[in-house]
Amino acid sequence: MYKFIIDEFSGDYEKAEVCIPCVQIVAEEMEDPEDNRVYGIFSVFNYNLNGDILECVSGGVYPGVIHVKKDLENGGYVFTKAEIVEDGTNYTESAKKIFGDHYDDFEKLSADDKAGEETRAQIIANYVAANDLKISAYQDYGWDPVTLPEENIDSFYSILD
Numbered sequence: 014m015y016k017f018i019i020d021e022f023s024g025d026y027e028k029a030e031v032c033i034p035c036v037q038i039v040a041e042e043m044e045d046p047e048d049n050r051v052y053g054i055f056s057v058f059n060y061n062l063n064g065d066i067l068e069c070v071s072g073g074v075y076p077g078v079i080h081v082k083k084d085l086e087n088g089g090y091v092f093t094k095a096e097i098v099e100d101g102t103n104y105t106e107s108a109k110k111i112f113g114d115h116y117d118d119f120e121k122l123s124a125d126d127k128a129g130e131e132t133r134a135q136i137i138a139n140y141v142a143a144n145d146l147k148i149s150a151y152q153d154y155g156w157d158p159v160t161l162p163e164e165n166i167d168s169f170y171s172i173l174d
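Here our numbering is used: the first residue of the sequence shown is 14, the next is one more, and so on.
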């Protein structure tokens, strides 16, 4: 899923040294092998390395649903398309249409900035550990650096493929 998110959304931004996607899952509907759905808030963050700090230079947030098809031949999944909530005045209407019965859960997750930043920090920490990098923090422009937590290998966020 991470590769799909990078391929699908990072092209909107100038390249940086590292692109790390962040996924916050709202719900999964995995009953139909031809069209499984992962509802969530999908983000991409592009970073340049400055010492031991990843400095965010660009990125964006894409709430919506990613359609997934079971690959019976290889035992994995194929990510087929993404439906993303519209910006501006159509935001709420399109979010309700895309998330359907999961809209209230999406709204709760979307409103929880602290949980979003904790997820982002954990994903970065797991990326750093998986790639044996000497990075201690990440930083958004105009903000203080955020110290990374310990790697959490029990979390599905540790697998970045």
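The C-beta atom is built at its ideal place from N, Cα and C for all residues, glycine as well.
For residue i, the first and last residue of its enclosing beta strand (DSSP E)
i, result
"residue 94", "89-97"
"residue 117", "Unbroken run through residue 117 is the alpha helix (DSSP H), 116-124; no beta strand (DSSP E)."
"residue 82", "66-84"
"residue 154", "Careful: residue 154 lies outside any beta strand (DSSP E) and carries neither H nor E."
"residue 56", "49-63"
"residue 41", "31-42"
Residue nearest to residue i in terms of C-alpha spacing, selected from the options
i, options, result
"residue 45", "98, 108, 81 and 118", "81"
"residue 56", "149, 26, 109 and 102", "26"
"residue 158", "112, 49 and 68", "68"
"residue 108", "116, 60 and 101", "116"
"residue 75", "152, 160 and 34", "34"
"residue 53", "60, 42 and 84", "42"
"residue 18", "91, 83, 112 and 66", "91"
"residue 85", "47, 119 and 101", "47"
Test item: CB-CB of residue i and residue j under 8 angstroms
i, j, result
"residue 165", "residue 139", "yes"
"residue 151", "residue 15", "no"
"residue 39", "residue 122", "yes"
"residue 83", "residue 49", "yes"
"residue 36", "residue 78", "no"
"residue 65", "residue 148", "yes"
"residue 128", "residue 71", "no"
Unbroken alpha helix (DSSP H) run spanning residue i, endpoints
i, result
"residue 20", "15-22"
"residue 26", "Taken as a continuous stretch (DSSP letters only), residue 26 belongs to no alpha helix (DSSP H), as it is neither H nor E."
"residue 107", "104-112"
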